[in-house]
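To start, the structure under review is shown below, and the notes come after it.
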Amino acid sequence: MTDRREFLKYAGTAVMAALTPSLVMAGRRTLPTRRVPGTDERLSVVGLGQSRAFRDKDVESSKILLKTFFEHGGGYVDCRDSMYHVASVSKSLGENDSAFIGSYFNGGSPVESEASARRLSAIRGAQSVDLMQTVPEDGVPNWNVFRRWKDEGLTRFIGLARHNSSYYDAMMKVMATGTMDFVQVNLSMLETEAEDRLLPMALDKGVAVAINRPFINGRYFSIVKGHSLPAWAIEFDCTSWAQFSIKYILSHPAVTCVLTETANPDHLLDNLGGGIGRLPDAKTRKRMRQFVQDMV
Ligand SMILES: NC(=O)c1ccc[n+]([C@@H]2O[C@H](COP(=O)([O-])OP(=O)(O)OC[C@H]3O[C@@H](n4cnc5c(N)ncnc54)[C@H](OP(=O)(O)O)[C@@H]3O)[C@@H](O)[C@H]2O)c1
1 MTDRREFLKY AGTAVMAALT PSLVMAGRRT LPTRRVPGTD ERLSVVGLGQ SRAFRDKDVE
61 SSKILLKTFF EHGGGYVDCR DSMYHVASVS KSLGENDSAF IGSYFNGGSP VESEASARRL
121 SAIRGAQSVD LMQTVPEDGV PNWNVFRRWK DEGLTRFIGL ARHNSSYYDA MMKVMATGTM
181 DFVQVNLSML ETEAEDRLLP MALDKGVAVA INRPFINGRY FSIVKGHSLP AWAIEFDCTS
241 WAQFSIKYIL SHPAVTCVLT ETANPDHLLD NLGGGIGRLP DAKTRKRMRQ FVQDMV
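This is how it looks when you write it as C-alpha cells:
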C-alpha cells in the first residue's frame with residue numbers, strides 16, 4: 001500500500017518517464033487495443049480500476065496516475081463513486097477524448113440516474129456517457145430502463161458488472177437477450193469460473209468483457225510473495241507477478257480489457273507492461289494456472 005506522502009515522492013522522481021522492462025523489451029510504450037464487438041470502438045487492453053486516489057478525490061495523485069495511463073495509450077477507467085472526478089481531471093490534462101468512463105448507475109431512482117448521466121456528459125462536453133453499467137441485483141429488474149437510456153442516446157453502451165460467480169447466472173440471462181454491450185466479471189488464475197461458461201457466451205453473443213479482481217484485490221501478491229517467476233515467463237515477455245496475472249487474463253479470447261487497481265504509479269507502469277508484448281498460448285495458460293494454484 002502507498003500512502004499519499006510516499007505517492008507524491010514518486011511523482012517528483014523519474015517514475016513518470018520510466019519504462020517497465022517489459023515495455024522496453026517490446027520496444028514500444030503504447031498499449032495495444034481490442035475492438036468492442038460489433039463496433040469500430042477500440043479500448044486499450046489494460047484499464048484502470050477505481051483507485052484510492054480517485055475515491056479520495058485527490059486531484060494531484062489522480063493527475064499523476066491518469067497522465068501516466070493516457071500517455072501509454074490507456075482508455076477505460078472504471079468509476080464507481082468517482083466518475084465526475086475522473087472526468088474533470090482527465091479534462092484538465094487535455095485527455096477528455098482519451099478517457100472511456102465506465103460509470104455505475106445503481107441504487108438511485110431512474111430520474112436520479114438520468115440526472116447523473118447528464119451531469120457527467122456536461123462535464124465531458126459530450127452528448128452521451130460512454131458506458132452506463134450497474135450490478136445485476138439492480139440491473140436485471142431494470143434492464144429495460146437501461147435499454148431505453150441507450151435508445152435515447154443518454155449512453156453509448158450498457159452493461160452489468162460484478163465480481164463474484166454467484167452473479168453469473170443473472171448476468172448470462174441478460175446476455176442471452178442480445179442487448180448487453182459490456183459485462184464486467186472477475187477472472188484470475190485463482191478465480192477461473194468465468195472461463196467455464198460466462199466468457200464463452202460473451203464471445204458467442206459479441207459482448208465486450210472487462211475483467212476485475214486481476215490480483216484478487218491484492219491477495220494474489222501475498223500468495224506469490226517469496227516465489228520466483230518461472231524462467232519460462234520470459235517466453236511471453238513477462239517480468240513481474242502482476243504481469244503474469246494480466247497476461248493470463250488477456251490471453252483469453254473473450255477478454256477485451258483488464259481493469260487493474262492501484263494508487264502507486266510504479267505499480268501502474270508495471271501493470272501497463274502486462275498489456276505489451278507476447279501472450280501465453282492455451283497450453284502455457286494451463287501451466288500458469290497450475291503453477292499459481294500449487295502455491296495456495
Ligand atoms: N463492479 C464490481 O462489482 C467490482 C468489484 C470489484 C472490483 N471492481 C473493479 O475492478 C477493479 C480491480 O479489482 P480489485 O479492486 O479487486 O483490485 P485488484 O486490481 O485485483 O488489486 C488491487 C490491489 O493490488 C495492488 N497492486 C496493483 N498493482 C500492483 C502491482 N503491479 N504490484 C503490486 N501490487 C499491486 C494494489 O495496491 P497498490 O494501490 O499499492 O498498488 C491493490 O492493493 C476495481 O478497482 C474496480 O474498478 C468492480
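Sequential numbering from 1 applies to the sequence shown in our numbering.
No residue lacks a Cβ here, since even glycine has one placed at the ideal position from N, Cα and C.
Query: If you run the structure through DSSP and keep just helix, strand and coil, what is Met25?; Result: Here the model assigns Met25 a pLDDT of 43, short of 50, so the residue's position is not dependable, and the following value carries that caveat. Met25 falls in the helix class under three-state DSSP.
Query: I need the DSSP call for Gln133, collapsed to helix, strand or coil.; Result: strand
Query: Taking the C-alpha atoms as reference points, what is the distance between Pro21 and Asn271?; Result: With a pLDDT of only 47 at Pro21, under the threshold of 50, the placement of this residue in the model should not be trusted; the figure read from the coordinates follows. About 11 Å.
Query: Can you tell me whether Ser222 is buried or exposed, with buried defined as 16 or more other CB within 10 angstroms of its CB?; Result: exposed
Query: Identify every run of the alpha helix (DSSP H) within the segment 197–221, keeping only runs that are complete inside it and at least 4 residues long; order them along the chain.; Result: 198–205
Query: Answer yes or no: do Asp130 and Ile101 have a C-beta to C-beta separation smaller than 8 Å?; Result: yes
Query: Hey, quick one: how far does the alpha helix (DSSP H) through Val45 stretch, first residue to last?; Result: Looking at the DSSP string, Val45 is not in any alpha helix (DSSP H), and its letter there is neither H nor E.
Query: Is it the case that the Cβ atoms of Gly49 and Glu261 are separated by a distance below 8 Å?; Result: yes
Query: Do Val77 and Asn106 have their C-beta atoms closer together than 8 Å?; Result: no
Query: Answer yes or no: do Ala254 and Phe244 have a C-beta to C-beta separation smaller than 8 Å?; Result: no
Query: If you draw a straight line from the C-alpha of Thr33 to the C-alpha of Val45, how long is it?; Result: 5 Å
Query: Three-state secondary structure (DSSP) at Val145?; Result: helix
Query: According to the Cβ coordinates, are Met189 and Val258 closer than 8 Å?; Result: no
Query: Whole angstroms are fine: how far does the CA of Ser113 sit from the CA of Ser228?; Result: 47 Å
Query: Go ahead and label Lys286 buried or exposed: buried means 16 or more other beta carbons lie within 10 angstroms of its beta carbon, across all protein chains shown.; Result: exposed
Query: In whole angstroms, give me the CA-to-CA distance for Glu41 and Val89.; Result: 23 Å
Query: Along the chain, where does the alpha helix (DSSP H) that runs through Gln184 open and close?; Result: Element bounds for Gln184: not the alpha helix (DSSP H) but the beta strand (DSSP E), 182–186.
Query: Is DSSP giving Asp78 helix, strand or coil here?; Result: strand
Query: Quick one: residues in its chain with C-beta nearer than 6 Å to the C-beta of Gly139, no 5 flanking neighbours on either side, listed in chain order?; Result: Leu160
Query: How is Ile249 classed by DSSP in three states: helix, strand or coil?; Result: helix
Query: Along the alpha helix (DSSP H) that carries Ser109, what are the first and last residues, could you check?; Result: Run containing Ser109: none; DSSP gives neither H nor E here.
Query: Nearest to Met298 by CA position, among Glu193, Tyr167, Asn144, is which residue?; Result: The structure shown does not extend to residue 298, since the chain is modelled only from 1 to 296, so the question has no answer here.
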